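What follows is one structure encoded as structure tokens, with my remarks underneath.
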Amino acid sequence: MQVSRAAPGPEDRQTQNRGTGSGGTSTGCAEVAVPARPPGRARAALAGLRAPVVWVLLAIAYFTAISGKPLDGVLMLIVAAGLAWDAGRRALRHPGSESPPVARPARRPGGRRRLLIMSALLAGGAVYAAVVGSFSRYSWPATAGIIGLGTIVVTIGWHGPLRDRPASGRLPVAGTLAWVAVLVAGCLWELGALLQQPSLTTDSYGHPTVSTLTDPVLANSPGRAVVLLGWLALGWYLVER
Amino acid sequence: MNSHEVTIAGYLLVLAGIALLQVLATRTRAPIPSLGDLLTRAMRSRTGRVGVLVAWAWIGLHFFAR
């Protein structure tokens, strides 16, 4: 009887090599010479470093940490490492193509149910903004509220879009470059202001960063609640993409 | 103009650039994608999707968290 088998993928090969120790040269397997390779996880992480997003997150982690927010930096570092490992694992499994996130089947609740869900989300968002906005900035309760919601949203996004979306075509190159130029200019302008402060953790009136400019708005509860509502709305818009 | 005003003018210029591109994208036939199209395209891959959502989470962390 003939048994048909698909060719083993990189992970399958890894499994087959398990137990051979130092590159498959252990006693009893001497007839098969397997060249020494880094362990699977390390190889996956190295392959994942090819994703530009990982480098952007690492840069954010670095600049955030040196500007006096080590917790943010560590969180960014954890996500960058997780993303590198995940992207690398997928790249090793499907070489040459980055698999798009798996879209969940389109299950849009209709009419009355959708209205109820939307109302509940709006009410929940308003309560969240009011409660988290009532805590002073940089306090532990505010930190817990932001990290909790951020973790939930990123975890949802990691598993793919909420519903199936039609594949978008290629974007016009010149127009896309115009967006990139404006957004990069904004980031560099902010970075320039940050670097011209007396120190990275001391605000400057002469060279205010966006954070410094928003301080008066975020100094009171209503201001914080309004900004948090905007942040929630942006998050919902992105999750729906 | 002092350095404070120059810095703020720079931010306003960037905001004006974003508004201009968005208007050109949505109100004219110029070959410019809207910001929404750009984000949608960036979020087609898993790394792009996670990257954009983490950037969103970072904004909240930056302004409110320790």
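Top line first, the protein sequences correspond to chains W and C. Using my numbering, you'd call the opening residue of the first sequence number 22 and step up by one each time. Using my numbering, you'd call the opening residue of the second sequence number 61 and step up by one each time. All C-beta atoms, glycine included, are put in the ideal place defined by N, C-alpha and C. Computed from a predicted structure; not experimentally measured.
Determine whether the Cβ of C:R126 lies closer than 9 Å to any Cβ atom of chain W. Taking the second sequence and counting its residues from 1, the one referred to as residue 126 of chain C is at position 66. Yes, because at least one Cβ of chain W sits closer than 9 Å to the Cβ of C:R126.
How big is the Cα-Cα spacing for W:E261 and C:N62? Working through the first sequence from its first residue, we reach residue 261 of chain W at position 240. Working through the second sequence from its first residue, we reach residue 62 of chain C at position 2. Cα to Cα, the separation comes out at about 43 Å.
Quick one: which residues of the stretch 237-251 of chain W get their C-beta closer than 9 Å to a C-beta of chain C? List them in chain order. L239, R245, V248 and L249
Using a 10 Å radius around the Cβ and a threshold of 16 neighbouring Cβ atoms, would you call W:P91 buried or exposed? Indexing the first sequence from 1 puts residue 91 of chain W at position 70. It counts as exposed.
Under the three-state reduction of DSSP, which class applies to W:V53: helix, strand or coil? In the first sequence, counting from the first residue as 1, residue 53 of chain W sits at position 32. Interpretation of W:V53 is limited by its pLDDT of 48, a score under 50 that renders its predicted location unreliable; the figure taken from the coordinates is listed afterwards. In this structure, W:V53 counts as coil in the three-state DSSP scheme.
Identified DSSP bridge partners for W:V223: The count along the first sequence starts at 1 and reaches residue 223 of chain W at position 202. The sequence shown places Thr at residue 223 of chain W, not Val. According to DSSP, which records beta bridges pairwise, W:T223 is partnered with W:S220.
Within chain W, the residues that C:V83 reaches when beta carbons sit closer than 7 Å: Here the question's residue 83 of chain C lines up with position 23 in the second sequence. In chain order: nothing, as chain W lies at least about 13 Å away.
Pull out every residue of the stretch 140-159 of chain W whose Cβ sits closer than 8 Å to any Cβ of chain C, in chain order. V153, R158 and Y159
Let me check you understand the geometry: is the CB of W:V231 closer than 8 Å to at least one non-hydrogen atom of the ligand GDP? Only the bare structure without any ligand can be found here, which leaves the ligand GDP out of the picture.
So, with DSSP's three-state summary, where would you put W:E211? As a working mapping, residue 211 of chain W is identified with position 190 in the first sequence. Looking at W:E211 - three-state DSSP - the assignment turns out to be helix.
Closer than 9 Å to chain W by CB, C:R30: Summary: the structure shown does not reach residue 30 of chain C, with chain C confined to residues 61 through 126, and so no result is reported for it.
For the stretch 187-220 of chain W, which residues have a beta carbon sitting closer than 7 Å to at least one beta carbon of chain A? You won't find chain A in this structure, because its protein chains are W and C.
Grouping DSSP H, G and I as helix and E and B as strand, with all else coil, what is W:H19? The requested residue 19 of chain W is not part of the displayed model; chain W covers only 22 to 262.
Is the stretch 151-160 of chain W touching the stretch 236-248 of chain W in the sense that three or more CB pairs, one from each, lie closer than 8 Å? yes
How about C:M103: is its C-beta nearer than 9 Å to some C-beta of chain W? The sequence position of residue 103 of chain C within the second sequence is 43, counting from 1. C:M103 counts as touching chain W.
Proximity winner among C:R104, C:A69 and C:L95, relative to C:L81 (alpha-carbon distances): Here residue 81 of chain C refers to the residue found at position 21 when the second sequence is read from its first residue. Closest option to C:L81, Cα to Cα, is C:L95.
For W:D93 and C:A125, which I take to be in contact (beta-carbon distance under 8 Å), what is that distance rounded to the nearest angstrom? On the first sequence, position 72 is the one that residue 93 of chain W refers to. On the second sequence, position 65 is the one that residue 125 of chain C refers to. That pair is a contact at about 7 Å.
Start and end residues, alpha helix (DSSP H) containing C:T88: For the purposes of this step, residue 88 of chain C is taken as the residue at position 28 of the second sequence. First-last for C:T88: undefined, no H or E at that position.
Please classify W:P229: does DSSP put it in a helix, a strand, or coil? The residue labelled residue 229 of chain W in the question sits at position 208 within the first sequence. Coil at W:P229, not helix or strand.
So is W:D107 in contact with chain C if we call contact Cβ pairs under 9 Å? As a working note, residue 107 of chain W is residue 86 in the first sequence. Answer yes: the Cβ-Cβ gap between W:D107 and chain C drops below 9 Å somewhere.
Using C-beta distances below 6 Å, list every residue in its chain close to W:V238, excluding the 5 sequence neighbours before and after it, in chain order. If you number the first sequence from 1, residue 238 of chain W lands on position 217. Excluding positions up to five away in sequence, the list reads G244.
Given a limit of 8 Å on CB to CB distance, which residues of the stretch 82-95 of chain W reach chain C? T85, K90, L92 and D93
I need the DSSP call for W:M139, collapsed to helix, strand or coil. Residue numbering aside, residue 139 of chain W sits at position 118 when the first sequence is read from its first letter. The answer is helix: DSSP assigns W:M139 an H, G or I state.
When you compare the CB of W:A163 with every CB in chain C, is at least one pair closer than 9 Å? To locate residue 163 of chain W, count along the first sequence from 1; it is residue 142. So yes, W:A163 belongs to the interface.
Nearest CA to the CA of C:L73: which residue from W:L234, W:W210 and W:W257? By one-based count along the second sequence, residue 73 of chain C stands at place 13. Minimum Cα distance to C:L73 is reached at W:W210.
Using only the alpha-carbon positions, how far apart do W:W200 and W:T164 sit? Along the first sequence, one-based indexing puts residue 200 of chain W at 179. Along the first sequence, one-based indexing puts residue 164 of chain W at 143. Straight-line Cα distance between these residues: approximately 32 Å.
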